[in-house]
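Read the structure below first, then the notes.
4 protein chains.
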Amino acid sequence: MFIRFITTGGTIDKIYFDDLSQYEVGESQVQQILHEGLAEFDYDVVPLLHKDSLEMTDEDRKLLHDYIADDDGDRYVITHGTDTMVETANVLMDVAGKTMVLTGALTPARFRTTDAVFNVGMAVATAQVAPPGVYIAMSGQVFPAGRVTKNRAENRFESTDRN
Amino acid sequence: MFIRFITTGGTIDKIYFDDLSQYEVGESQVQQILHEGLAEFDYDVVPLLHKDSLEMTDEDRKLLHDYIADDDGDRYVITHGTDTMVETANVLMDVAGKTMVLTGALTPARFRTTDAVFNVGMAVATAQVAPPGVYIAMSGQVFPAGRVTKNRAENRFESTDRN
Amino acid sequence: MFIRFITTGGTIDKIYFDDLSQYEVGESQVQQILHEGLAEFDYDVVPLLHKDSLEMTDEDRKLLHDYIADDDGDRYVITHGTDTMVETANVLMDVAGKTMVLTGALTPARFRTTDAVFNVGMAVATAQVAPPGVYIAMSGQVFPAGRVTKNRAENRFESTDRN
Amino acid sequence: MFIRFITTGGTIDKIYFDDLSQYEVGESQVQQILHEGLAEFDYDVVPLLHKDSLEMTDEDRKLLHDYIADDDGDRYVITHGTDTMVETANVLMDVAGKTMVLTGALTPARFRTTDAVFNVGMAVATAQVAPPGVYIAMSGQVFPAGRVTKNRAENRFESTDRN
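For the protein sequence lines, the chains are A, B, C and D, in the order given. Numbers in the numbering used here are just positions in the first sequence, counted from 1, shifted up by 4. Numbers in the numbering used here are just positions in the second sequence, counted from 1, shifted up by 4. Numbers in the numbering used here are just positions in the third sequence, counted from 1, shifted up by 4. Numbers in the numbering used here are just positions in the fourth sequence, counted from 1, shifted up by 4.
Right under this line is the structure:
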C-alpha cells in the first residue's frame, strides 16, 4: 500500500515569522504527524505549492489536477488551506480511478492543540478504504466532493445534503 | 451520522498511579481526542470494560460481541489494548451489517508524544467510509479482521496477506 | 507571597491569524502556564500593552516604568518581546526596592515545542529569590539588567561580562 | 556558570511499562526539558539513583549527601520524587557553600500536561540566583529546606512558616 502526500500550504503547515529573528521550520508537518502516528506504510511527500488557500489560482488548481492525472499513483492525501479546499476538491472530480483525500487544519500542526493530527489520520484511512473519488476529511467527517461546504461563521465543514 | 464509541481499557486510556498521591483522570481520552480534532458529528461513548487486553477473557469478548449485536447502532469505534486486539476483532466478525473499527495506542493518549490521536482519526474515518465488517486501525493502516497480526518484537501491526 | 505579572505582548503571546477565519485566543498564556505548573501562590495578571517589542516606543517604556514605580507590589514578572527586552530592562533600573524580572519566548507559548514554560518558571523563581533589581530570564539563564544582550544571529541572550 | 543536575528517580522521570511490549525511554527528561527551554549554559547530568522517593533509604540519602559534599561543583539541581523530597532536603542542609535545589513533578514529564518543565525552570533559576543553601522548587514556589512540607491531601508543597 502506497500513499502519495501532496502539500499545497494552508494553515496546517503555517510557519511562524518573528519580526527580526525570522525562522522557518523546514520539515513537513505531514511527515512529523505520520512519524508520531507510528505509521508503517510506504509513502512519499511531494511539496507542490506553498500558499494560503485564498491565494490559490485556477492555474494552481490545474497544476495539482494535472500532476495527479499524469501520476502513476492510486491514493493521494492532499494537505490544503481550508478556505478554498472545497473548490479544489471540485476541480479534481474528473480524475478517474484514484482515491484523493483533501485535508488540512483549522489550527497549525505546530500548535500544542491542533486538529491536524486527527485530520491526517482520517485522510490516511480514507485513502486506503474509500472507493476512487475525491473526499474532504475535516471536522471529524469524511465528505464526498461536491456535497460539502465550509461554514466560515462556525469555522467547520458541513454536508450540503438535505437531511 | 452517528458513531458509538466503546472503550474497553488498554494503553490508550492508561492511567498513571503514583505511589501515595494516586490520582485518576476521569475524562475519557476518546472525548478529549474528538474535542481536539474539532469533530462535529453525533456520538456517544460507552465505557464497557476497563482492562489491559492481556487480562481480557472470553466472557469479556462475549459481552462486547453481544452488546454490539443487540445494539441499534451501525458504526462503532472500539478502543482496546493492543496485545489481544486481533483476537477480539475475530470474535466480532459474525456480527452482520455493522461497521466496527478497533483501535488503541502503543503509547498512552496522555503522553506528549502518542499515536492515539492519529489512530482514533483513522478509526473515525473508517467507521464512516468502510463497508460493514470488522477492521483494525493501527500502525497507520486499516486492516480487515482476520488478516492482521501484531508483531510484538517490532511493536506494530502487520498484514498477514501474502504479497 | 504575591507576584504581579505584567504582559506587554511579544512572541510568547503571539496570536495566530488566519486570512478569513481570524481568531484570537483571549486567555493569557501566563495564566495557562502557571496553571499547568501547578503554581500555588497569589498573583494577578495586568495586560498593559500588546505589542511586538520592535514597535515598543519610549512612551510605552515610560508607561511600564511608571506603572511599576507607582504600584504597591514588590515582585514583578514582565512578559515582553525579545528584540528590545534589554532596552526595557535598562529603563526599569532606576525603580528601587522591587524585584522585576523580564521574560518572554523565542517560540510562541501556544506551540507544541516552546521555551515559554521554562522561561516563566525561571522568572517566577527569580522574582521570589533574587534581591531587588531588574533581571532578564532567558536562554536558561538569569541575567542582571545592564549586563546582557540579545545575540540575534544566534537567537539567544548572552552575558556582556568579560569572562 | 555551571550547574550539575543529579537525577534520583521519582514521578518526573516515570517510565511507562506496558504488559508485554515493555519499553523504556532512555533519554533523561532533564536534558529534554533544558533542550526545549533553549538553555545555553554549561551543565552535566549525573544519574545517581532511580527510585520512587518512598523507597529511598537513609543510605541513599547519605550517598547523595556525600556525592555533593565531595564534588567540586557550586550549583546543583536534584530531581527527586515528591513524597520524601522534604526529608532529603533536610539531610543536605549541612553541606556548606553550595546552592542545592530539589525539584520534581506531580505529573510525569512525558505527559502532555505536566508541571515538570515549569519546575525545572524554577530550579535552574534558583540554582543561579539563590545564596548557598538547600531549596525545594515546587508548586510555583521556592521554599528553603526545613520550612516546607508536602500536603499530600492537597497534592502540593506548602510553607511551614506561620503567616
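For glycine and all other residues, C-beta sits at the position ideal for the given N, C-alpha and C.
Length of the line joining the Cα atoms of E1/A and K102/A: Any property of residue 1/A remains undetermined from this structure, which presents chain A solely from 5 to 167.
Beta carbon of I82/C nearer than 7 Å to that of V50/C: Along the third sequence, one-based indexing puts residue 82/C at 78. Along the third sequence, one-based indexing puts residue 50/C at 46. No, Cβ-Cβ distance for I82/C and V50/C is not below 7 Å.
The stretch 148-167 of chain D contacting the stretch 87-95 of chain D, beta-carbon criterion three pairs below 8 Å: Result yes; three or more Cβ-Cβ pairs closer than 8 Å.
Given F115/B as reference, the closest of I16/B, T12/B and D56/B once Cα atoms are compared: Position 111 of the second sequence holds residue 115/B. Check the Cα spacing between F115/B and each of I16/B, T12/B and D56/B: the tightest is with I16/B.
Cβ neighbours of P148/A in the same chain (closer than 7 Å, five flanking residues each side left out): Taking the first residue of the first sequence as position 1, residue 148/A is located at position 144. G137 and Y139, listed in sequence order.
Local Cβ density within 10 Å of T130/A, reported as buried at 16 or more and exposed below that: Within the first sequence, numbered from 1, the residue matching residue 130/A stands at position 126. Counting the other Cβ atoms within 10 Å of the Cβ of T130/A gives 16 or more, which makes it buried.
Beta bridge counterpart(s) of G137/C as assigned by DSSP: One-based indexing of the third sequence puts residue 137/C at position 133. According to the DSSP secondary-structure assignment, G137/C is paired through a beta bridge with T103/C.
Rounded separation between A134/A and G41/B - CA only: Walking along the first sequence from the start, residue 134/A turns up at place 130. Walking along the second sequence from the start, residue 41/B turns up at place 37. In a straight line, the C-alpha of A134/A is about 21 Å away from that of G41/B.
CB contact check: T164/B to chain A, cutoff 7 Å: In the second sequence, residue 164/B corresponds to position 160, counting from 1. With its beta carbon at least 7 Å from every one in chain A, T164/B lies outside the interface.
Close Cβ partners of H54/C (< 8 Å) along its chain, the five nearest in sequence each way excluded: As a working note, residue 54/C is residue 50 in the third sequence. Once the five neighbours on either side are set aside, the close Cβ partners of H54/C are T11, T12, G13 and D17.
DSSP-derived helix/strand/coil call for S32/A: Sequence index remark: in the first sequence, residue 32/A carries index 28 (1-based). Residue state for S32/A is assigned as coil, using DSSP reduced to three classes.
Top-ranked residue by Cα proximity to V128/A, from Q145/A, T117/A, T118/A and P112/A: Position 124 of the first sequence holds residue 128/A. When C-alpha distances from V128/A are compared across Q145/A, T117/A, T118/A and P112/A, the shortest belongs to Q145/A.
For V99/B and D74/B, the rounded distance between their alpha carbons: Translated into positions along the second sequence, residue 74/B becomes position 70. Translated into positions along the second sequence, residue 99/B becomes position 95. In this structure, the straight-line span from the alpha carbon of D74/B to that of V99/B is close to 10 Å.
Nearest neighbour of L38/D, chosen from R166/D, H84/D and A113/D [CA to CA]: By 1-based counting over the fourth sequence, the position of residue 38/D is 34. Put simply, of R166/D, H84/D and A113/D the residue whose alpha carbon is nearest the alpha carbon of L38/D is A113/D.
Length of the line joining the Cα atoms of Y47/A and E162/A: Position 43 of the first sequence, counted from the first residue, corresponds to residue 47/A. Position 158 of the first sequence, counted from the first residue, corresponds to residue 162/A. Distance between the alpha carbons of Y47/A and E162/A is about 29 Å.
Opposing strand residues paired with Y71/B [DSSP bridges]: Position 67 of the second sequence, counted from the start, is the residue given in the question as residue 71/B. Y71/B pairs with nothing; no bridge assigned.
Closer than 8 Å at the beta carbon, the chain A residues around F115/C: As a working mapping, residue 115/C is identified with position 111 in the third sequence. Within chain A, the residues near F115/C are Y20, R114, F115 and R116.
Cutoff 7 Å; reference G30/C; Cβ partners in own chain excluding five residues on either side: For the purposes of this step, residue 30/C is identified with residue 26 of the third sequence, where counting begins at 1. With a pLDDT of 44 at G30/C, under the threshold of 50, the modelled position of that residue is not reliable, and the figure given next carries that caveat. Cβ within range, chain order: n/a, list empty.
Span separating the alpha-carbon of R65/A from that of L52/A: Along the first sequence, read from residue 1 onward, the residue named residue 65/A stands at position 61. Along the first sequence, read from residue 1 onward, the residue named residue 52/A stands at position 48. Their Cα atoms are separated by approximately 11 Å.
Check whether G125/B and G125/A have beta carbons under 7 Å apart: Indexing the second sequence from 1 puts residue 125/B at position 121. Indexing the first sequence from 1 puts residue 125/A at position 121. Yes.
Per DSSP, cross-strand counterpart(s) of M142/C: Within the third sequence, numbered from 1, the residue matching residue 142/C stands at position 138. DSSP output for M142/C lists Q145/C as bridge partner(s).
Paired residues, beta bridge with T153/B - DSSP: Counted from its first residue, the second sequence places residue 153/B at position 149. Looking at the DSSP assignment, T153/B forms a beta bridge with E162/B.
R79/A - partner residues in DSSP beta bridges: The count along the first sequence starts at 1 and reaches residue 79/A at position 75. In DSSP, R79/A forms a bridge with T103/A.
Three-state secondary structure (DSSP) of F122/B: Translated into the one-based positions of the second sequence, residue 122/B becomes position 118. If DSSP states are grouped into helix, strand and coil, F122/B belongs with the helices.
Residue range of the beta strand (DSSP E) that includes T11/A: By one-based count along the first sequence, residue 11/A stands at place 7. Taken as a continuous stretch (DSSP letters only), the beta strand (DSSP E) holding T11/A covers F6 to T11.
Cutoff 7 Å: R160/D Cβ touching any chain C Cβ: On the fourth sequence, residue 160/D is found 156 positions in, with the first residue counted as 1. Closer than 7 Å to some Cβ of chain C, the Cβ of R160/D qualifies, so yes.
The stretch 38-59 of chain D: positions lying closer than 8 Å to chain C by Cβ: Within the stretch 38-59 of chain D, the residues whose Cβ lies closer than 8 Å to some Cβ of chain C are L38, E40, G41, L42, A43, E44 and F45, listed in chain order.
Candidates F6/D, E44/D, I7/D and Q33/D: closest to A141/C by CA position: Counting from 1 along the third sequence, the entry for residue 141/C is found at position 137. The option with the nearest alpha carbon to A141/C is E44/D.
Candidates Q132/B, N94/B and N159/B: closest to D119/B by CA position: By one-based count along the second sequence, residue 119/B stands at place 115. For D119/B, the closest alpha carbon among the candidates Q132/B, N94/B and N159/B is that of N159/B.
Cβ of T32/B within 7 Å of any chain A Cβ: Walking along the second sequence from the start, residue 32/B turns up at place 28. The amino acid occupying residue 32/B in the given sequence is Ser; Thr does not appear at that position. Cβ-Cβ to chain A under 7 Å: no for S32/B.
Beta carbon proximity, M89/C to chain D, threshold 7 Å: For the purposes of this step, residue 89/C is taken as residue 85 along the third sequence, with counting starting at 1. No, no contact with chain D.
Exposed unless 16 or more other CB atoms sit within 10 angstroms - verdict on G85/A: Taking the first sequence and counting its residues from 1, the one referred to as residue 85/A is at position 81. G85/A should be labelled buried.
Residue nearest to M104/C in terms of C-alpha spacing, selected from L110/C, V121/C and L68/C: By one-based count along the third sequence, residue 104/C stands at place 100. For M104/C, the closest alpha carbon among the candidates L110/C, V121/C and L68/C is that of L68/C.
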